[in-house]
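A quick write-up on the structure given underneath.
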Amino acid sequence: MQIKRFIPLAAAPAVWGQTLPELLAAQNSTLSTLVSILQSQPALLNTVAGLQNITILAPSNDAFATLLADPAVAAKAADPGFVAALLTYHVLKGTFPASAFLAAADAPVFVNTYLTNETYSTVEDGQVVEAQTVDGSVIVTSGAGTESKVVATDFNFTGGVVHVIDNVLSIPSDLTGVLGHENLTALASAVTTANLGATLTGLEQVTLFAPNNAAFDKIRDVASTLTVEQLTGVLTYHAVAGAVVYSTDIVDGATVKTVQGGDLKLTIRDGSVFVNDAKVVEANILAKNGVVHIIDA
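Position 285 (the sequence shown) corresponds to 285 in the UniProt record's numbering; numbering is contiguous.
Structure follows, in structure tokens:
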């Protein structure tokens with residue numbers, strides 16, 4: 001995926017002859033925690049240092065301090081597999097300097113990363129991050145809506161470029177985790193009733209159009225009369241397998257085949273996306289195996 005333009009931030013001097021370890025060592029006051037973590041994973045460090053045409057989103061020392069203050073995360077940090085997955089999620093496929101790396105304010109872009117460990121992601125070509133310009137700054141959104149601001153750019157090395165971010169990215173959870181969203185509790189309950197949790201998390205390359213709580217409130221009386229089989233049909237009509245469709249991929253008038261077998265028509269009206277007659281009210285919630293868009297009906 002190519003990022004077409006970028007609003008430059010304050011750029012650091014370019015030193016293309018540096019290796020990645022040399023660059024990180026030179027930024028010790030800002031990136032010493034990242035260096036320490038990478039040194040605890042020498043095989044991973046060697047692999048990343050040998051890659052070409054990459055962009056590294058490097059969390060600052062303060063970003064790691066904030067993350068590790070969470071006891072749950074600190075416990076996960078004892079797992080080398082999790083640490084390796086988290087670090088590879090910060091490595092983007094492609095070199096995107098400040099002159100080229102931009103998500104337009106009204107058009108986010110989605111960039112694949114080196115997170116391909118299927119324990120944590122089954123998205124084809126690697127889990128993505130979303131980048132968009134907000135008030136002149138580049139914001140990178142990851143799992144659970146975690147936002148990371150790019151605070152320094154263009155630390156160049158022989159394999160690509162490093163940008164410093166102020167918050168550690170979060171690996172997207174599976175679909176059952178995404179359904180923990182505060183506006184999806186009714187859908188989560190329906191999925192449990194239909195025993196569809198394992199089915200949804202097992203789908204490959206999935207796009208889920210998830211009705212919010214208000215949408216379920218509108219059909220509460222009807223929904224309460226549905227059999228499990230009928231409820232399963234309703235829910236699987238909202239899931240598309242085999243295609244991860246981010247908001248920027250949606251073409252006006254397109255149709256997509258659902259897991260239930262029926263078609264959904266996608267339209268764009270006055271800048272808003274509609275799925276049949278339901279409006280997308282929150283787009284691009286990243287998941288382990290795809291993406292979720294919240295709809296209002």
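Quick reminder that beta carbons are idealized off the backbone N, C-alpha and C, glycines included.
The alpha carbon of Ala241 has as its nearest neighbour, out of Ala278, Glu124, Thr158 and Phe274, the alpha carbon of Glu124.
Within the UniProt domain "FAS1" (171–297), the runs of beta strand (DSSP E) that reach at least 3 residues and sit entirely inside it are, in chain order, 206–211, 239–241, 255–257, 263–269, 272–275, 278–287 and 290–295. Rounded to the nearest whole angstrom, the CA to CA distance from Ser40 to Val83 is 10 Å. In the DSSP annotation of this structure, Phe110 is not part of any alpha helix (DSSP H); the continuous beta strand (DSSP E) holding it starts and ends at Val109 to Asn112. For Ala152, the enclosing beta strand (DSSP E) covers residues Glu147 to Phe157. Straight through space, the alpha carbons of Phe157 and Asn212 are spaced by roughly 45 Å.
Here the alpha carbon of Ile250 sits roughly 34 Å from the alpha carbon of Phe155. Two segments are said to touch when three or more pairs of C-beta atoms, one from each, lie closer than 8 Å; by this definition the segment 135–144 does not touch the segment 23–42. As the crow flies, the alpha-carbon of Gly136 is around 13 Å from that of Ala152. The segment 192–208 and the segment 233–248 touch, with no fewer than 3 CB-CB distances between them shorter than 8 Å. Counting every other CB atom within 10 Å of its CB across the protein chains shown gives Asp70 a total below 16, marking it as exposed.
If you look at Ala58, you'll find it in the beta strand (DSSP E) that goes Ile54 to Pro59. Contact between Lys265 and Asn276 holds: CB atoms are separated by about 6 Å, below the 8 Å threshold. The residue from Val109, Leu23, Leu44 and Val234 with its alpha-carbon nearest to that of Leu286 is Val109. In the same chain as Ile219, and ignoring 5 residues on each side of it, no C-beta atom comes closer than 6 Å to its own. Counting the other CB atoms within 10 Å of its CB gives Pro59 a total of 16 or more, which places it among the buried residues.
Contact annotation: the segment 251–259 does not touch the segment 168–180, with fewer than three C-beta pairs closer than 8 Å. Excluding the 5 residues flanking it on each side, Asn167 has same chain C-beta neighbours closer than 6 Å at Ala63 and Ser148, in chain order.
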